[in-house]
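In our numbering, the protein residues as written are 2 to 107. Data first, discussion second: the structure below is written as structure tokens.
If you want it as structure tokens, here you go:
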């Protein structure tokens, strides 16, 4: 099936390799973090620009029983001034920074 140049560009995009972390870390834009331990904090970048993204995954499938935190680091998450508690087993999210009003869109 033929694809348009826009579709081809989308098909050629590669997701970064996951960074496995069992300790708290400050995220860097355009990275993919897989949490391997409970009670850690993944802190979002401090000065994001529109279009920055961070992907986060529960690598162990234990987040419902052993949560970890995604700290907003001064920006909102989905228009809320609260940190995100990751509590869904094997869940994976991509957070994209939109603007100061919305902050990180989930």
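We put the CB at the ideal spot given by N, CA and C, even for glycine. Treat the numbers as computed from the prediction; the structure is a model and nothing was measured.
- In this structure residue 49 is not in contact with residue 31, their Cβ atoms being roughly 11 angstroms apart against a cut-off of 8 angstroms.
- In this structure, the CA atom of residue 28 is about 12 angstroms from the CA atom of residue 95.
- Under the three-state reduction of DSSP, residue 41 is assigned to coil, being neither helix nor strand.
- In the DSSP assignment, residue 65 forms no beta bridge with any residue.
- For residue 58, the uninterrupted beta strand (DSSP E) run begins and ends at 54-59, by DSSP.
- Under the 10 Å beta carbon count, residue 69 is surrounded by 16 or more other beta carbons and is classified as buried.
- Counting only residues of its own chain and dropping the five nearest sequence neighbours on each side, residue 23 has a CB closer than 6 angstroms to the CB of 37 and 38.
- A Cβ-Cβ separation of about 6 angstroms places residue 88 in contact with residue 65 under the 8 angstroms criterion.
- Between residue 33 and residue 47, the C-beta gap is not smaller than 7 angstroms, which leaves the two residues out of contact.
- Taking 7 angstroms as the cut-off, the Cβ atoms of residue 104 and residue 78 count as close.
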